[in-house]
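I have placed the structure first, in the form of structure tokens, so that the comments after it can refer back to it.
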Amino acid sequence: MIVGIIGGGAAGMTAALAAAEYSDCSVVLMERQARLGRKLSATGNGRCNLSNIHASEGGYHSDQPDFHEYALKQFPPARTLDWFSDLGLYTVTEPSGKVYPYSDQANSVVDILRFALDRDNIEVLTDFEVVKVKKADGRFTVSSQRETVQCDKLIVACGGLAGTKLGGTMSGYKLLRSFGHKCTKLRPALVQVKTGWRGIAALKGVRANCRAAITCDGVLHRESVGEIQFTELGLSGPVIYEISRDTCHGGGSWECTMDFLPDLSYDDLLAKLLRRRAGALTAEDLFTGILHNRLGRVLVKEADIRNMTPIRELRDEQIREAAGYAKHFILPLTEPLGMDAAQVTAGGIVTHEFEPTTMESKLVPGLYACGEVLDVDGDCGGYNLQWAWSSGRLAGTSAGKETI
Ligand SMILES: Cc1cc2nc3c(=O)[nH]c(=O)nc-3n(C[C@H](O)[C@H](O)[C@H](O)COP(=O)(O)OP(=O)(O)OC[C@H]3O[C@@H](n4cnc5c(N)ncnc54)[C@H](O)[C@@H]3O)c2cc1C
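At position 366 of the sequence shown (counting the first as 1) the number is 834 in this note's numbering, and the numbers step up by one without a gap.
Next up, the structure:
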């Protein structure tokens, strides 16, 4: 039996290895780019946050909120890490639950998978962009512009649209739609959010720990604590990724309120700042030693205090106002950046049309899908790759073991 797999990313490579465990199964893995796992090698800022040990507990989003559960139960993070260990990857789990290769190189993950794929019953075709698929007389015909592959089972693992420069494409959605499957609206997720505040450029590159709350028309949408990064256009970093989901969708006035010192009360901060009146510092150093220097200066400016004013000359209410900005800094949000900048696609092929226990299509027997192409996306922190491994493993096992 031949299993064809379209897409040599995280899910497709896992599916290929799972199907190839059945000795009577031959696998053909088709990848449109020149090498396998291109997006994977750029994940986690080149470090690849390949899993999160809390992924079995939730952290996934879909119009069918429980669709991911069976795949995650069958191939949870612990089993995934054992599997990687058997393949030769040495990993490290951070206290937060995030898992990385010990080498700190995403390429280690790609290499280990590539080595494993080098076996007799797997054929890898790179530079093979599938442009057409059809099923006739119980078999699939999969065509690129130049070649055609015939197979008995077909797994679509083309990924989503996010990260377009790394290979994100509409292709998988189109191929599955040609079989009658439907696709939800697609949105960028785990992405920077732009602000309309003019002063943002002064903070470009600054990282700060904070409690961030996103509100729409004054109503709390999501809240999180951790690192925020200021960019030329707006806000980025794990905290923003976590709370950016659905931000600025559906109209309304969106804001991000940041507390840059969540572990220090307003009164304690004020007391610290008032004590600085005893020295000879000027206002530009009001927050020096407490916050990032540039952030401190921006807060001073927002409080309408001139940089060179000696702190001892500042009035109580001026210091109170500056402290207030440090505990309650509000930025208007306009829109998330596009699919280019997004780490994952929210939405995808409608999961109700697939069997969660096999990943097989309910419309076309022998057709499977896995990974980001489906309407499942995870939180920041290794959840999306874990979904790719778990769903890829389930699709590969189901396609490989079933009799024709
Ligand atoms: C910059 C960035 C950083 C990220 N960091 C993390 C992270 O640290 N942790 C985490 O969990 N998630 C991370 N993600 C998300 C994660 O990479 C994806 O969710 C995951 O790779 C999806 O796996 P997939 O196999 O479904 O798709 P992909 O990995 O995108 O693989 C799909 C493959 O299919 C190929 N393909 C598409 N169409 C065709 C076609 N017609 N014919 C042949 N081949 C085709 C593509 O070229 C691609 O190689 C990150 C994403 C980005 C963009």
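Note that beta-carbon positions come from the ideal geometry of N, C-alpha and C, so glycine has one too.
**Request:** Measure the CB-CB distance between residue 567 and residue 517 and report whether it falls below 8 Å.
**Result:** Yes, these two residues count as a Cβ contact at 8 Å.
**Request:** My understanding is that residue 638 touches residue 629, with C-beta atoms under 8 Å, so please give their C-beta distance in whole angstroms.
**Result:** With a Cβ gap of about 6 Å, residue 638 and residue 629 count as contacting.
**Message:** Taking the alpha-carbon of residue 555 as reference, which of 828, 492, 536 and 584 has the nearest alpha-carbon?
**Reply:** The option with the nearest alpha carbon to residue 555 is 584.
**Request:** Tell me where the beta strand (DSSP E) around residue 494 begins and ends.
**Result:** In the DSSP annotation of this structure, the continuous segment of the beta strand (DSSP E) that includes residue 494 starts and ends at 494-498.
**Message:** Between 653, 667, 677 and 715, which has its C-alpha nearest residue 531's C-alpha?
**Reply:** Per the Cα distances, 653.
**Request:** Could you give the DSSP three-state label for residue 555: helix, strand or coil?
**Result:** Reduced to three states, the DSSP call for residue 555 is helix.
**Message:** Classify residue 563: buried if its beta carbon has 16 or more other beta carbons within 10 angstroms, exposed otherwise.
**Reply:** Per the 10 Å Cβ criterion, exposed.
**Request:** Please go through the segment 779-860 and give each complete alpha helix (DSSP H) segment of 4 or more residues, from N-terminal end onward.
**Result:** Listed in chain order, they are 784-795.
**Prompt:** Counting pairs of Cβ atoms below 8 Å between the segment 814-823 and the segment 744-756, do you hit three or more?
**Reply:** No: the two stretches stay apart, fewer than three of their Cβ pairs being nearer than 8 Å.
**Message:** Just to confirm my understanding: we take residue 496, look at its own chain, exclude 5 residues before and 5 after, and list those with CB closer than 6 Å. What are they?
**Reply:** Excluding positions up to five away in sequence, the list reads 472, 591 and 617.
**Request:** Check whether the Cβ of residue 596 lies closer than 7 Å to any heavy atom of ligand 1, and answer yes or no.
**Result:** Yes, the beta carbon of residue 596 sits closer than 7 Å to at least one heavy atom of ligand 1.
**Message:** Check for me: the beta strand (DSSP E) holding residue 698 runs from which residue to which?
**Reply:** It spans 687-698 - the beta strand (DSSP E) in which residue 698 sits, taken as one unbroken run.
**Prompt:** Unbroken beta strand (DSSP E) runs of length 3 or more, entirely within the segment 585-615: which are they?
**Reply:** Here the runs fully enclosed are 590-593, 600-604 and 607-611.
**Item:** Proximity test, residue 684 beta-carbon vs ligand 1 heavy atom, cut-off 7 Å
**Value:** The closest heavy atom of ligand 1 lies 7 Å or more from the beta carbon of residue 684.
**Helix, strand or coil at residue 652 according to DSSP, with G and I counted as helix** = DSSP places residue 652 in coil when its eight states are reduced to three.
**Asked** Of the choices 727, 717 and 572, whose alpha-carbon is the least far from that of residue 799?
**Response** Selected option, being the one with the closest Cα: 727.
**Asked** So, using beta-carbon positions, are residue 856 and residue 482 closer together than 8 Å?
**Response** The criterion of a C-beta distance shorter than 8 Å is satisfied by residue 856 and residue 482.
**Message:** Restricting to runs no shorter than 4 residues, where is the alpha helix (DSSP H) found entirely within the segment 524-549?
**Reply:** Those alpha helix (DSSP H) runs which fall completely within the segment 524-549 and span 4+ residues are 537-542.
**Request:** Out of 631, 543 and 615, point me to the one whose CA is closest to residue 511's CA.
**Result:** Measuring from the Cα of residue 511, the nearest candidate turns out to be 631.
**Request:** Indicate the three-state DSSP secondary structure (helix, strand or coil) for residue 564 in the structure shown.
**Result:** It is coil, neither helix nor strand.
**Message:** Per DSSP, what are the beta-bridge partners of residue 703 in this structure?
**Reply:** Partner(s): 661 and 698.
**Prompt:** Mapping DSSP to helix, strand and coil, what is residue 864?
**Reply:** The three-state secondary structure of residue 864, taken from DSSP, is helix.
**Message:** Looking at residue 527: is its Cβ nearer than 8 Å to the Cβ of residue 846?
**Reply:** Yes, Cβ-Cβ distance for residue 527 and residue 846 is below 8 Å.
**Message:** Quick test of the definition: if touching needs 3 or more C-beta pairs under 8 Å, does the segment 546-555 touch the segment 606-616?
**Reply:** Judged by Cβ distances under 8 Å, the segment 546-555 makes no contact with the segment 606-616, as fewer than three pairs qualify.
**Asked** Does any heavy atom of ligand 3 sit closer than 7 Å to the C-beta of residue 841?
**Response** You won't find ligand 3 in this model; what it holds is ligand 1.
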